[in-house]
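Using the working numbering, you'd call the opening residue of the sequence shown number 19 and step up by one each time.
Heads up, the beta-carbon is just placed ideally off N, CA and C, and yes, glycines get one too.
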Amino acid sequence: MKTHIIPALKLTLVLLLFLSFGYTLIVCGISYLSTGKGEGKKIIQNGKVLGYEYIGQHFTNDKYFCGRPSANNYDASVSGGSNKSTTNTDYIKTVKARIDTFLIHNPEIKKSDIPAELVTASGSGLDPDISPEAAFIQIPRIAKVRKISIIKLQELVKKNTEHPLFGIFGPEKINVLKLNIALDIIK
Numbered sequence: 019m020k021t022h023i024i025p026a027l028k029l030t031l032v033l034l035l036f037l038s039f040g041y042t043l044i045v046c047g048i049s050y051l052s053t054g055k056g057e058g059k060k061i062i063q064n065g066k067v068l069g070y071e072y073i074g075q076h077f078t079n080d081k082y083f084c085g086r087p088s089a090n091n092y093d094a095s096v097s098g099g100s101n102k103s104t105t106n107t108d109y110i111k112t113v114k115a116r117i118d119t120f121l122i123h124n125p126e127i128k129k130s131d132i133p134a135e136l137v138t139a140s141g142s143g144l145d146p147d148i149s150p151e152a153a154f155i156q157i158p159r160i161a162k163v164r165k166i167s168i169i170k171l172q173e174l175v176k177k178n179t180e181h182p183l184f185g186i187f188g189p190e191k192i193n194v195l196k197l198n199i200a201l202d203i204i205k
């Protein structure tokens, strides 16, 4: 019996120490060597941090493209969805309120044309990307507010569209923060 218990206890102690401290230090070391030193990929303009590439932001001004709603107010420390079912009455009210708000700011759009991603939160609550369709549907509002031609805005959206890896892995997407920064640059 001693021949089995003592090696098991030793192995348990070694694994406890490694997994509690060693693994954590290795992961922290690797993240420190990466871009951003483990703090995420910052988007900086004129020396000012505008946001992070992989964390969504809330844009409420009509002159900007809006992204996906967040169930956690875009707080990366509490990443997660609402976990409410599509039959939950609170969830249905929330989505209806988001649809109504979107229609107030985009009166020329029909309710049935609104992409679901503009009124439903992602699983992480931090999604920084939207589909090209979600960007194109917002162009009339932005063109009117900024007095920019629709064609110029369509070109901007196409230019900021990220295509699937190798043309097959993943959907086309647009980082909303990067798109809005590019929008501020055009005249």
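Item                                                                                                                                                                    : Value
Which of helix, strand or coil does DSSP assign to Val163?                                                                                                              : helix
So, does the segment 162-173 touch the segment 92-110, judging by three or more C-beta pairs under 8 Å?                                                                 : no
Should Ile204 go down as buried or exposed, given a rule of 16 or more other Cβ atoms within 10 Å for buried?                                                           : exposed
On the criterion of 16 or more Cβ atoms from any shown chain inside 10 Å, does Pro25 qualify as buried, or is it exposed?                                               : exposed
Specify whether the segment 134-142 and the segment 60-72 touch according to this definition: at least 3 beta carbon pairs, one from each stretch, less than 8 Å apart. : no
By DSSP's criteria, Tyr70 is part of a beta bridge. Which residues make up the other side?                                                                              : Lys60
Please classify Glu180: does DSSP put it in a helix, a strand, or coil?                                                                                                 : strand
Is it true that the CB of Ala115 sits closer than 7 Å to the CB of Gly99?                                                                                               : no
Would DSSP call Asn101 helix, strand or coil?                                                                                                                           : coil
Just grab the DSSP bridge partners of Lys191 for me.                                                                                                                    : Glu180
Return the CA-CA distance between Lys177 and Arg159, expressed in angstroms with no decimal places.                                                                     : 19 Å
So, helix, strand or coil for Asp131, using DSSP?                                                                                                                       : helix
Would you call Asp145 buried or exposed, if buried means 16 or more other Cβ atoms sit within 10 Å of its Cβ?                                                           : buried
Here's the rule: buried if 16 or more other CB atoms are within 10 angstroms of the residue's CB, otherwise exposed. What is Asn79?                                     : exposed
Between Gln75 and Tyr109, what straight-line distance do the alpha-carbon atoms span, to the nearest angstrom?                                                          : 21 Å
Sort Lys111, Ser142, Leu201, Ser130 by Cα distance to Lys170 and report the nearest one.                                                                                : Leu201
By how many angstroms is the C-alpha of Asn64 removed from the C-alpha of Leu37?                                                                                        : 42 Å
Return the chain-ordered list of same chain residues with a C-beta closer than 8 Å to the C-beta of Phe154, the five sequence neighbours on each side being excluded.   : Gln172, Val175
From Leu51 to Lys129, what distance separates their C-alpha atoms?                                                                                                      : 47 Å
How is Asp147 classed by DSSP in three states: helix, strand or coil?                                                                                                   : strand
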